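A short worksheet on the structure shown next.
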Amino acid sequence: MKVLVVGGGGREHALVWKLKQSPRLTKIYCAPGNGGIAGDAECVPIRADDLIGLRDFAVREKIDLTVVGPEAPLVSGIVDLFEEAGLRAFGPGARAALLEGSKVFAKETMASCGIPTADFRVFRELAPALRYVRNLDGPCVVKADGLAAGKGVVVADNVAEAEAALRLIMEERAFGAAGEAVIVEERLEGEEVSVLAFADGQTFLPMVASQDHKRAGDGDTGPNTGGMGAYSPPPVYTPSLHEQVCSEVLGPLIQGLASDGIKYRGVIYAGLMITAKGTYVLEFNCRFGDPEAQAVIPRLRGDLLDVLDAVLSERLSEVELEWDDRPAACVVLASGGYPGAYETGQEITGLDLVPPDIIVFHAGTRMSDSGSLVTAGGRVLGITALGDTIGDAVRHAYQGVDRVSFEGMHFRRDIAHRAL
Ligand code: AMP
Ligand code: GLY
1 MKVLVVGGGG REHALVWKLK QSPRLTKIYC APGNGGIAGD AECVPIRADD LIGLRDFAVR
61 EKIDLTVVGP EAPLVSGIVD LFEEAGLRAF GPGARAALLE GSKVFAKETM ASCGIPTADF
121 RVFRELAPAL RYVRNLDGPC VVKADGLAAG KGVVVADNVA EAEAALRLIM EERAFGAAGE
181 AVIVEERLEG EEVSVLAFAD GQTFLPMVAS QDHKRAGDGD TGPNTGGMGA YSPPPVYTPS
241 LHEQVCSEVL GPLIQGLASD GIKYRGVIYA GLMITAKGTY VLEFNCRFGD PEAQAVIPRL
301 RGDLLDVLDA VLSERLSEVE LEWDDRPAAC VVLASGGYPG AYETGQEITG LDLVPPDIIV
361 FHAGTRMSDS GSLVTAGGRV LGITALGDTI GDAVRHAYQG VDRVSFEGMH FRRDIAHRAL
């Protein structure tokens, strides 16, 4: 099979790395890929948001299966576009991807399916939203409805912060049309867990759970990032909690969408908050998490291509996933300044010294004209290791981290701290 992976981050490298192990694979492309993916796949210089360019490429190269990594092309309808051209693409169509593309749609779907989520109100005008948060007079969470590259959510401690967030989104239009509607919701306290599942429109098949580390600094301090590391499995996610999430979240969601005529095919990501008073869904994403994928995919045994194929053929009920019992930890190495402004083009050294059983997933890297590997983004590398215990996995991952360096490199020293 000829496969195309769309995207160029650490998640896409993990997908390429795993798909390459499939005996059914004859050729793998990645668009646009990155400096590390180029060692595992043929990179094609087409951006992930160039939907027409990607479709034309897939038609021309007779791609059998396309896997879409990031949310933006999914929300823009890349899967529908591919299907209209007779191509098979893994991921939800635009209507189903609205679960991530519109937080209002996600909240309304959760409400109608009886899925536990924080209490919320939707606003389309500033004045009533301001009145509402003033009345609340306490902590809350303000969310822009649409995609905002992870920056559209403000967890506010007080009225002043909530007001500032509302003005930023609705008055200054910091996120453009994504801010046409906002959600103000109850602020929950607890531990977050990411649960990813395959779904074929009827059936879902959960993967092992993981936990992301969103804040830039140790001890969950500093600004929010796209994720500074992840590990799997998080001990807080017990087997009984898992049963509950299957029966109260994933099942009702897939069935509820199906009864509205929406086939959810692809990966569904449930971002959960586990609180003292129960487990709530914070958000749904329509794709693998990044960096969760870099901790989950290495634990998957068997052929990922078979699973993707089964999803597209709506045969997921025939599939059983097998997992490596060993926990995995992924440490993200970021550019100095990230998630704020950062420099790129810094030479990366030491990758050849990383022990061979440690997996180096590339995110923001590229080959320079002189042939050396340089930084090209905020999140640069994800170093993943497995171990007999979570502690062993973490220690081993840091043995890899300690070999690598580039100017300004920063990373968290406490990945999996909640489990240790
Ligand atoms: P979202 O994109 O909706 O998941 O929000 C991004 C992040 O904001 C989540 O991963 C949480 O850390 C935080 N967050 C979102 N909603 C809430 C909430 N209701 N209470 C507390 N934190 C939240
Ligand atoms: N790691 C968070 C996300 O992928 O949305």
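Position one of the sequence shown corresponds to residue 1 (my numbering), numbered consecutively onward. From the three backbone atoms N, C-alpha and C, an ideal C-beta is built for every residue, glycine too. From a predicted model like this one, the values you see are computed outputs, not experimental measurements.
Under the three-pair Cβ rule at 8 Å, the region 204-222 does not count as touching the region 137-146.
Relative to ligand 1, GLU283 has its C-beta within less than 7 Å of a heavy atom.
The C-alpha of LEU351 lies about 20 Å from the C-alpha of GLU343. Taking a cut-off of 8 Å for Cβ pairs, the region 295-310 and the region 13-28 touch, as three or more such pairs fall below it. Within the region 189-235, there are no complete alpha helix (DSSP H) runs of at least 4 residues.
Counting along the chain, no beta strand (DSSP E) covers GLU61, and no H or E run does either.
The shortest C-alpha to C-alpha distance from VAL331 to any of ASN285, PRO239, ASP218, SER368 is the one to ASP218. Distance check between ALA89 and each of GLY377, SER335, ALA310 places ALA310 closest, using alpha-carbon atoms only. Per DSSP, reduced to three states, the secondary structure at ALA160 is helical. Between VAL79 and ALA41, the CB-CB gap reaches or exceeds 8 Å. DSSP places THR109 in the helix class (H, G or I) of the three-state scheme. When C-alpha distances from GLY378 are compared across MET1, VAL3, GLY8, LYS2, the shortest belongs to GLY8. In the DSSP assignment, PHE284 falls within the beta strand (DSSP E) that extends over 278-285.
Residue pairing of THR365 in beta bridges, as defined by DSSP: THR375.
The C-beta distance from ALA118 to LEU166 rounds to 17 Å, too long to fall under 8 Å, and the pair is not in contact. According to DSSP, residue pairing for PRO32 in a beta bridge involves GLY7. Comparing alpha carbon positions, the residue from HIS410, GLU185, LEU373, VAL354 closest to ARG403 is VAL354. A heavy atom of ligand 1 is found nearer than 7 Å to the CB of ALA118.
Here the alpha carbons of SER317 and GLU161 stand approximately 47 Å from one another. Excluding its 5 nearest sequence neighbours in each direction, VAL122 has C-beta neighbours in its own chain below 7 Å: VAL104, ALA181, ILE183, listed in chain order.
In the three-state reduction of the DSSP assignment, SER240 falls in the helix class.
In the structure shown, SER405 falls within a strand segment according to DSSP collapsed to helix, strand and coil. When the Cα atoms are used, ARG412 and ILE268 turn out to be separated by approximately 27 Å. A distance criterion of 7 Å places the beta-carbon of MET273 in contact range of ligand 1, judged by its closest non-hydrogen atom. Separation of PRO233 and VAL208 (C-alpha to C-alpha, rounded to the nearest whole angstrom) is 7 Å.
For GLU320, there is no enclosing beta strand (DSSP E), as DSSP marks it with neither H nor E.
Residue GLY101 holds the alpha-carbon nearest to the alpha-carbon of ARG287 among LEU81, GLY86, GLY101, LEU126. Under the three-state reduction of DSSP output, TYR398 falls in the helix class. The residue from ARG11, VAL3, MET1, LYS2 with its alpha-carbon nearest to that of PHE361 is ARG11. In the structure shown, the three-state DSSP call for MET170 is helix. Look at the beta carbons and you see the region 229-243 not touching the region 255-269: under three pairs across the two are nearer than 8 Å.
Boundaries cannot be given for TYR338, as no alpha helix (DSSP H) includes it and DSSP labels it neither H nor E.
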